[in-house]
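Residue numbers (UniProt numbering), protein chains in the order written: chain A, 1 to 352; chain B, 1 to 352; chain C, 1 to 352; chain D, 1 to 352.
Next up, the structure:
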């Protein structure tokens, strides 16, 4: 009998992979058995992730799907879109629990992959089996899930901000705008012109402003909750932080509501959720990703401008945690029957 | 006969005051004759503004309204709201040209001061005489203007983003949201809990999210252009930059429009405007305040998400320049019959 | 029999206090029983430390020394210099273990308090009893210590960089310069002109450059190791980070030494030290505080310029962790007979 | 007769090239006639430098040395080391004034190129003709100079900090350490792993710490001033700013000197220098690059720790201005008989 679940991290040299390692290295019920990287195979993991010096002594290996089941019981795929889908069927056949952090299994409707991702999905049947790994919405389904499609970060921020609103149907259902501000780690570990420090620092730069892909999964999830077709436009902006994403979800109230009523609807919706914190205070009245850095929390709050019936809900996350690796481990924990917060009792840094 | 117009800067120790000095010290047609500061009277200006070491040898003085006309022909008031209004009438009587950078003369309707600023305006007649100092909208009125009410920075960003849209009536007129992201210099030179570096850096922090005051002047100006009542909600967010403000003005198109048509409407609206640059490109497709830092430019651009008829117009400014001191000098230049860009041929820094 | 040691944090609203709480809230063998703040007494701790929302439900209280022994077994004093010394004698009499994070008990020679801190030390006998809380140098003395004087951050960085060098006597003993670069959190939570975000961000600002106080404790500790009088000049510089301190300790080799020999001397000196990591690599060849953020690690490395016999040793710490709260808990753990890393198995964030 | 000197900028797409354009576009006596870029030939300059939108309408071209004399009277070479040297002889033959911003003509001793730059210099005779373009040291030689070797940024900062010290021989001549802190723009416009925003922001990262190349030119210039062999070790550190370099030059006084005497020696050395500002004040007592951003100023100051005879001189520059493009234009102005500050009356931004 094994003491610990052996986990593999595929794509371990990127930021999401690195964040998975940061979490899993102190997870009480897992043992990191394999860390793959095509680019750095054979090199020490801590060479690429100097934060892990002295904590992980493994080297990166090439990903060998044939031997993976000898070494791992569960596998996290931190790979680009369009790559994971080639591995998932076999990994499932081998009996591994698969947590995929790409978009490859997030959408239920295969047609949407053509529209938003420019490819024909080769395994549409797996889309039905995959569970969208947002535990606040899919807790029960995640139990014993074998294929978890971990949400995108801007989608997570947007969905968490809007879910209580669409569930309670207090706003115009066709006019949701999620204006998202994100740190630079969201773009991954690969350098580019736009991520070059002198270009990226001090930028307040809209990007993918004409139709951000995460709208597809956000609409899927919000429509499910609303039991209606929800349209949402996500407009992301690169700002100077490294970690953090704030969604400012602007909507229009259809009826007058007191603030306390809105507060109650949101609080009720998220009652008992381990990683949701509802913000309402006088010193720090709104969510700010600064206060969740390093943790799996999502802070949710709102503001109303009554004279024109504008409601904005805010959600603040650490894009690498609740927006990626943290949420993946949270969903994994549920699927394995662990405590939801195993490995995730990480307290946000302050100041950071 | 004087060679140069003598100008006084009242409230010269703050950031807006300092930025006026940075501009005026190389302005070809002005001479800085008086710089006041209650707090630093008697001390060298360059003690507080070390960037001006070797460039300005004046000391700060106390503001003495009785003697000001001996020393200055024009005066810039960089004072808090509710202070300038006490000085303006006398300064006008003394024959000075007054450029007020506070909100005290921006609104035409005195009732709005009660609602938005919590005071009864003591000189409602002056509100009629004051010219709202946004030269792109009020060029003709600014000629020979004696009292210029220089716009707020978030208002400037919002108005410049939305003016061509409301002028051409292509969107829903009741649902404008200007989601603004601003640098820390917008809060002024006085330290506070929220501006403390460890608190402010990496923040993505909504503030005044339930009714930002600049909405009042933005609605006034946009309604004038639209010849209709325009409602706009301004939701500002503090981000990590020092300088820069980006307004992302989200609206809903009422008719299908090709991008080129939208581009033409915006370009036509701003044709010939010295400090407006229309952005449409493949490497940097949208405005970013990063590319106007240190200059008086406002970069304007847009994005359309056709499937849901969402139009976002962006405007990017340096909040201390086009959002404050630069715009004030631009309006002053017009009022004095100078070239619109005297003292303002400042090229944006890159990278910055 | 108590399950957990009850700990009080006095001065809990500052950054060091907050960092102690971040650590102690997940410490397996302690229970936070009292958190004091003169300024915020009666208010929820999470109001001031929003990162701790949902994690700590205590309110701040006023510090009442008379009742403290009913509530706490150990006490952390996160107070300004000159304040702790008034409380320590009574707290010791009451039987509490005292961990003082101020400078009040760091120096053995009471004369030095007059020179460096401008006060006459009222309890010179306690200076003998206090243990300087740098576990890498005082591990044995810390066992059962009742009064721990936790080191200053710039002193910690300087001592850790130079200890192996002075121990092995390979350099000129009179010419040590520790050029330190530090983040803004080192200045504490109280806003000031210099910490105002627009002033502090992008600063590369020398401060206390004519005799930094931490030299006193660094010289005390380094002289003890060297068994000789060591002089060291600490020249700190404020840079843009929030967390992190790097000491670049410049020295002059008295004999030619191969790099491998220097490496061995440093590695030998720190053999078996839980929180020291010796850095020597090709991608990240020198220590950088970036890779220890959020953790108690100190990364140590060096560079030699042979042609002129210059040796620089570098040490990188998180100033709030190994430079303050983390080191305090580390020393506390040793004094209590706990594992040295209880509560400190915190993995550095990356990227951060 | 030409009204303006026609200038070409070769390598116009990088940061130094861009900064030259920012300066030259408002220079009263030059006309930018050619801007070359191998990578972007045919594309608008403002596509790569969005700050220059509306200010420069030229496209980049390929560099054609044969036709350059038809189009330009002077040429700025903003090219990598080892490239300029191939063009310079022909350009000089063609009668152009050549300002080279690489290291290719900075060193007088050709042997040093083998040691520090790993190449044999093909035109050692030109090294004699080239003038090291630091106007504070070579003003007279720069008049009518045809080949100007513009200094490196870390060398400029180091030389300016140490020149008055070595000239007056008040310190140990063998033990100079210039601990330099620099912003990210110093690394140029090309992205790399180390310049990736999530890696570079918040870094306090030593680099080239075992023998920085700029020591060669610094030692050449300082030895010339001292009329003695000066050794200096330059240890650069990457910090979070975009622009700015601070050299903290640590030295050991050989005699006791009052601060006022040191101040006088420095002030005397730099008397009448247009771009040098000597810093001595109570609010901002030391130089900080923050206060020269965007300008050609170098701020010089110092600190003494008398008890151990340590003297640190500081120099603060904008690495793209006084450290590169600004200084190049300053030297060019002198060579052409223009005012030293033509095009350089740029006031530092504050805050920035």
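Glycine residues also receive a C-beta, built at the ideal position from the N, C-alpha and C atoms.
Taking C-beta pairs closer than 9 angstroms, name the residues in chain D that residue i reaches, listed in chain order.
i: residue 195 (chain A); result: 191, 195, 196, 197, 198
i: residue 185 (chain A); result: 197, 198
If I measure Cβ to Cβ from residue i and keep anything under 8 angstroms in the same chain, skipping five residues before and after, which residues do I get?
i: residue 26 (chain D); result: 343
i: residue 262 (chain C); result: 170, 302, 304, 311
i: residue 306 (chain B); result: 256
So which residues on chain C does residue i lean against when the C-beta distance must stay under 8 angstroms?
i: residue 281 (chain D); result: Under the 8 angstroms cutoff, chain C gives no residues; its nearest Cβ is about 13 angstroms from residue 281 (chain D).
Where does the unbroken beta strand (DSSP E) through residue i begin, and where does it stop?
i: residue 181 (chain A); result: 176-182
i: residue 250 (chain A); result: 245-252
i: residue 267 (chain C); result: Looking at the DSSP string, residue 267 (chain C) is not in any beta strand (DSSP E); the run it does join, the alpha helix (DSSP H), is 259-269.
i: residue 79 (chain C); result: That residue, residue 79 (chain C), is in no beta strand (DSSP E); it is neither H nor E in DSSP.
i: residue 277 (chain A); result: 276-278
i: residue 65 (chain C); result: Where residue 65 (chain C) is concerned, there is no enclosing beta strand (DSSP E), given that its DSSP letter is neither H nor E.
Give the interface partners of residue i over in chain A, defined as CB-CB distance under 9 angstroms, in chain order.
i: residue 269 (chain C); result: Correct list: empty, because the minimum Cβ distance to chain A is about 17 angstroms.
i: residue 15 (chain D); result: 198
Give the interface partners of residue i over in chain B, defined as CB-CB distance under 7 angstroms, in chain order.
i: residue 54 (chain D); result: 277
i: residue 312 (chain A); result: 209, 235
i: residue 50 (chain D); result: 284, 291
Which residue or residues does DSSP assign as beta-bridge partners of residue i?
i: residue 301 (chain B); result: B:314
i: residue 31 (chain C); result: C:6
i: residue 232 (chain A); result: A:176
i: residue 44 (chain A); result: A:59
i: residue 206 (chain A); result: A:237
i: residue 74 (chain A); result: A:7, A:97
i: residue 329 (chain B); result: Its beta-bridge partners do not exist; DSSP assigns none.
i: residue 148 (chain B); result: B:99, B:131
i: residue 171 (chain B); result: B:253
i: residue 36 (chain A); result: A:10, A:61
For a contact defined as C-beta to C-beta under 8 angstroms, what are the partners of residue i on chain A?
i: residue 221 (chain B); result: Near residue 221 (chain B) there are no residues of chain A at all, since even the closest Cβ is about 17 angstroms away, more than 8 angstroms.
i: residue 25 (chain C); result: 347
Once the 5 residues before and after residue i are set aside, which same chain residues still bring their CB inside 7 angstroms of it?
i: residue 355 (chain B); result: In the structure displayed, chain B extends from 1 to 352; residue 355 (chain B) sits before or after that span and is not available.
i: residue 205 (chain A); result: 237, 238
i: residue 59 (chain C); result: 42, 43, 44, 45
i: residue 274 (chain C); result: 340, 341
Take residue i and list the residues in its own chain whose beta-carbon comes closer than 6 angstroms to its own, dropping the five residues that flank it on each side.
i: residue 31 (chain A); result: 4, 6
i: residue 158 (chain B); result: 178, 218, 234, 247
i: residue 187 (chain C); result: 195
i: residue 61 (chain D); result: 36, 41
i: residue 1 (chain C); result: With a pLDDT of 42 at residue 1 (chain C), under the threshold of 50, the predicted position of this residue should be treated as unreliable, though the coordinate-derived value follows. Here the set comprises nothing.
What in chain B is Cβ-close to residue i, meaning under 9 angstroms?
i: residue 22 (chain D); result: 347, 348, 349, 350
Could you give the residue range of the alpha helix (DSSP H) that holds residue i?
i: residue 197 (chain B); result: 197-200
i: residue 167 (chain C); result: 153-168
i: residue 217 (chain C); result: 214-226
i: residue 306 (chain A); result: Looking at the DSSP string, residue 306 (chain A) is not in any alpha helix (DSSP H), and its letter there is neither H nor E.
Taking C-beta pairs closer than 7 angstroms, name the residues in chain C that residue i reaches, listed in chain order.
i: residue 261 (chain D); result: Going along chain C, no residue has its Cβ under 7 angstroms from residue 261 (chain D), so there is no contact; the nearest lies around 15 angstroms.
- Item | Residues of the region 152-183 of chain D with Cβ closer than 7 angstroms to any Cβ of chain B, in chain order | none
- Item | Selection of the region 328-351 of chain A by Cβ proximity to chain C, strictly under 7 angstroms | Those residues of the region 328-351 of chain A that come within reach of chain C (Cβ to Cβ, closer than 7 angstroms) are 345, 347, 348, 349, 350, 351.
- Query: For the region 201-217 of chain C, which residues have a beta carbon sitting closer than 8 angstroms to at least one beta carbon of chain B?
  - Reply: 201, 202
- Taking only beta carbons into account, state which residues of the region 223-256 of chain B come closer than 7 angstroms to chain A, listed in chain order. Per Cβ criterion, the list reads 231, 233, 235, 237, 239, 240, 241, 244, 246, 248, 250, 252.
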